[in-house]
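K.L.:
Protein chains: 2
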Amino acid sequence: MNEFALIKQYFHQQSTPDKGVILDKGDDCALLSPPIHQSLAVTTDTLVSGRHFLPEIDPFALGHRVLATNLSDLAAMGANPKWFNLALTLPNFDADWLKAFSQGLFNLASQFQCHLIGGDTTKGPLSITISAFGEVEASKALTRCAAQVGDDIYVSGTIGDAAAGLAAYTDKNFAAQRIVSEQSVMFLKQRFDLPQPRVSLGKKLLGIANAALDISDGLVADLNHICQRSELNAVIHCESLPLAQHHKDAVGFEQALVNALSGGDDYELCFTAPKAQRQTIKNIANDLHLPLTLIGEMLECAEGPQPTCSVLNKGRVQNLAKHGFQHF
Amino acid sequence: MNEFALIKQYFHQQSTPDKGVILDKGDDCALLSPPIHQSLAVTTDTLVSGRHFLPEIDPFALGHRVLATNLSDLAAMGANPKWFNLALTLPNFDADWLKAFSQGLFNLASQFQCHLIGGDTTKGPLSITISAFGEVEASKALTRCAAQVGDDIYVSGTIGDAAAGLAAYTDKNFAAQRIVSEQSVMFLKQRFDLPQPRVSLGKKLLGIANAALDISDGLVADLNHICQRSELNAVIHCESLPLAQHHKDAVGFEQALVNALSGGDDYELCFTAPKAQRQTIKNIANDLHLPLTLIGEMLECAEGPQPTCSVLNKGRVQNLAKHGFQHF
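Each protein sequence line maps, in turn, to chains A and B.
Counting from 1, position 19 in the first sequence corresponds to residue 19 in UniProt numbering; the numbering is continuous, with no gaps.
Counting from 1, position 20 in the second sequence corresponds to residue 20 in UniProt numbering; the numbering is continuous, with no gaps.
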């Protein structure tokens, strides 16, 4: 089967007309009618087999994940997803694989009315690059550089679950030291396999939050980007971190804390907001049925040292390099 | 060196401010201010090592080529290049390689004031995906589906050179049967290494040409896309094909013809235009110092058979399957 037949069979299925698309798949370019009073938010993520996912990954989960990582970047700007393109490099043609992959992809895309507008398929080591496009009012967009002194720091959902889910797949000693229920394992694997981009939250935070990003590399590593771009320090409290019960049951409190601080792949949002917004943020959490947990505060940074994120454990600074926090 | 330092060192160098970019590299997304009365043309191309380029390729040429293939798609729509993003998967960190690659990339980008707005760097088998963004008036954009009965068919520049250039790199028997000057070999290799996207031509053809595409898979294969999308037949004349003297000198007339009909990677434009535009097209060729050669005509297609492109050689239909045209 050649490239054109392949594209047609698996990737033309989602052809809901979209007013903003003048011309899509099948020409040299897609032609889009961009929003008039909004900016276009553009993001790109590549997932490489063996690096970002296990070669034996369920293709449905892979299709979901590669779009989810991009939609999560849009969510972190408060942008409304509109379109995406897909560059798919495949080692061979496997109809079952392509069917499941495209189902995972379009299942998530249709949740957000996000339309595939084009791309490229090539032969080579399995790798996928998606660029996603959203719209947002530029003056309200949630950047990394606008955190303010005294801002509360929040995270959405529970964190560290995906790191434990990955360990459940790859670590032979997972659950060696305790009895772990099947439900807990399933919960953690699903949190790794099918991350939920927090698009609705991002949109609701426009005009409320000062800075935001999505947690893909680990809470402390990612929060450090807000620190550096905003030129402020951050302090977060271990006791406040939202840990899922299944997570603590499966790996114990200590390891769950390590996962929450340094585990990637959760795709929850971390954001900062003025203290005056606390009630509004509680209301948003209620509306979305999504926990939004206050975990720390942005602080002034003296001239000289690099702005940084500190972790307090029962009031004492946690030295992350010791105590097995070796991910940093 | 981590991802952020790597990006900063090699890819922040081109920081000419662009009024349309509100926020670029370093946040979750780039924020673009799209053109108000124009459409946004979007294209994506992936190049995989060993598939689209030789692993030992000069990294400067690779940087040029990967952007050129995308700009060529924009040119084929008549779009004006504005921005691009870059997803770069590298097996290891090689400072010299990255320096040369980024120079090839930015050298071409700056020719067209096309700005890097973001991307992703990952570890894995060498592969590069670029998405490029341009602006064009939607009603005038050059598509594949708007060719008309009686349209002239043109190609820009000379064609088949890149296929001969690739052979000069890879085919041990290249030049075994004839004396080939060093100049000819250099000309052909350069045509393969450094394809020139025909951006100025594409823009000048707006309102003049009816249909267009760029030749990446070979003239006949690509022209077939115009036939199928426009539901018309095409006939082209071997005698008319523009062959470079160096090309004929190096491989002989017969092989040059094969290369011109079926060799890819030229990134010249193929377009159709009403006969009434002949003088205008001559003027464009003069203005751009770029040959634009009339090679055939679009014809009605009876219902039933697939629309197709026929090749006439001295008035007789060339059966491409015979006579060594084995590329089809």
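The beta-carbon is built from N, C-alpha and C at its ideal position, and this holds for glycine as well.
Just so it is clear, the structure is predicted and the values come from calculations on it, not from any experiment.
Which runs of the beta strand (DSSP E) spanning at least 3 residues fall entirely within the UniProt domain "PurM-like N-terminal" (26-136) of chain B, listed in chain order?
P.N.:
30-32, 39-48, 80-90, 115-123, 127-136
K.L.:
Looking at the structure shown, is H237/A part of a helix, part of a strand, or coil, going by DSSP?
P.N.:
Here H237/A sits in strand by DSSP.
K.L.:
With distances taken Cα to Cα, identify the nearest neighbour of L201/B among S310/B, D287/B, A260/B.
P.N.:
Nearest option by C-alpha distance: D287/B.
K.L.:
Between residue 400/B and S127/B, is the Cβ-Cβ spacing less than 8 angstroms?
P.N.:
For residue 400/B there is no data in the structure shown, the boundaries of chain B being 1 and 328.
K.L.:
Quick one: is H323/B buried, meaning 16 or more other Cβ sit within 10 Å of its Cβ, or exposed?
P.N.:
Below a pLDDT of 50, predicted positions are generally treated as unreliable, and H323/B, at 35, falls in that range; no measurement from the model is reported.
K.L.:
Measuring straight from C-alpha to C-alpha, what distance separates Q103/B and A176/B?
P.N.:
35 angstroms
K.L.:
So, at 6 angstroms on beta carbons, what are the nonlocal neighbours of D73/A in its own chain, with the 5 sequence-adjacent residues on each side left out?
P.N.:
T43
K.L.:
As a quick exercise: from Q183/B, L257/B, A147/B, pick the residue whose alpha carbon is nearest that of H225/B.
P.N.:
A147/B
K.L.:
I'd like to know whether the C-beta of N85/B is nearer than 8 angstroms to at least one C-beta of chain A.
P.N.:
yes
K.L.:
Helix or strand or just coil, what does DSSP make of F174/A?
P.N.:
For F174/A, the secondary structure class from DSSP, reduced to helix, strand or coil, is coil.
K.L.:
Check whether chain B comes within 8 angstroms of L290/A, counting only Cβ atoms and requiring the distance to be less than that.
P.N.:
no
K.L.:
If we define contact as Cβ-Cβ less than 8 angstroms, is A5/A a contact residue for chain B?
P.N.:
no
K.L.:
When you compare only the Cα positions, how much space is there between E297/A and Q9/A?
P.N.:
51 angstroms
K.L.:
Taking the beta carbon of I36/A as the centre, do at least 16 other beta carbons fall within 10 Å, making it buried, or is it exposed?
P.N.:
The residue in question, I36/A, is exposed, as its Cβ has fewer than 16 Cβ neighbours within 10 Å.
K.L.:
For chain B, find out if any of its Cβ atoms is closer than 8 angstroms to the Cβ of T308/A; answer yes or no.
P.N.:
no
K.L.:
Where does I215/A fall in DSSP's three states?
P.N.:
coil
K.L.:
Quick one: complete beta strand (DSSP E) runs, 3+ long, within the UniProt domain "PurM-like C-terminal" (148-300) of chain A?
P.N.:
152-156, 211-214, 233-237, 269-273, 292-299
K.L.:
How would you call Q277/B, buried or exposed, if buried means at least 16 neighbouring beta carbons within 10 angstroms?
P.N.:
buried
K.L.:
Are the CB atoms of V251/B and H162/B within a distance shorter than 8 angstroms?
P.N.:
The sequence as given places Ala at residue 162/B; His does not occur at that position. No. Outside cutoff.
K.L.:
Within the same chain, show all residues whose beta-carbon is closer than 6 angstroms to that of R229/B, passing over the 5 residues directly before and after it, in chain order.
P.N.:
R144, C145
K.L.:
Starting from C145/A and walking both ways along the beta strand (DSSP E), at which residues does that stretch end?
P.N.:
Here C145/A belongs to no beta strand (DSSP E), and DSSP marks it neither H nor E.
K.L.:
Of all the residues that make up the region 56-79 of chain A, which are near chain B by a beta-carbon distance shorter than 9 angstroms?
P.N.:
S72, D73, L74, A75, A76, M77, A79
K.L.:
Cutting at 6 angstroms between CB atoms, please list the residues of its own chain near F187/A, excluding the five before and the five after it.
P.N.:
Result list for F187/A: H246, in chain order.
K.L.:
Taking only the alpha-carbon atoms, compute the straight-line gap between Q196/A and L299/B and give it to the nearest angstrom.
P.N.:
52 angstroms
K.L.:
Tell me the DSSP bridge mates of S139/B?
P.N.:
In the DSSP output, where bridge partners are listed per residue, S139/B has none listed.
K.L.:
What does R278/A touch in chain B if you count any residue whose Cβ is under 8 angstroms from its own?
P.N.:
Ordered by position in chain B, no residue passes the 8 angstroms Cβ test against R278/A, which lies about 24 angstroms from the chain.
K.L.:
Classify L54/B as buried or exposed, calling it buried when 16 or more other Cβ atoms lie within 10 Å of its own Cβ.
P.N.:
exposed
K.L.:
Could you tell me which of N259/B, P274/B, S310/B sits nearest to A209/B, measuring between CA atoms?
P.N.:
P274/B
K.L.:
Between A41/A and chain B, is any beta-carbon pair separated by less than 8 angstroms?
P.N.:
yes
K.L.:
Using CA coordinates, which residue listed in K140/B, G63/B, G118/B, H237/B is at the minimum distance from A211/B?
P.N.:
K140/B
K.L.:
If the cut is a Cβ gap below 8 angstroms, which residues of chain A does G118/B touch?
P.N.:
V42, T43, T44
K.L.:
Who are the neighbours of G124/B on chain A, taking C-beta pairs under 9 angstroms?
P.N.:
Think of a sphere of 9 angstroms around the beta carbon of G124/B: the chain A residues whose beta carbon falls inside it are T46, V48, S49, G50, R51, H52, P125, S127, in chain order.
K.L.:
Nearest to T46/B by alpha carbon, out of N70/B, P34/B, K19/B?
P.N.:
N70/B
K.L.:
Thinking Y267/A and A79/A are a contact (beta carbons under 8 angstroms), I'd like their distance in whole angstroms, please.
P.N.:
The pair is not a contact, with the Cβ atoms about 15 angstroms apart (cut-off 8 angstroms).
K.L.:
Checking the sheet assignment: what are the DSSP bridge partners for N313/B?
P.N.:
Paired residue(s): R316/B.
K.L.:
What residues match up with L6/A in a beta bridge as DSSP calls it?
P.N.:
None; L6/A has no bridge partner.
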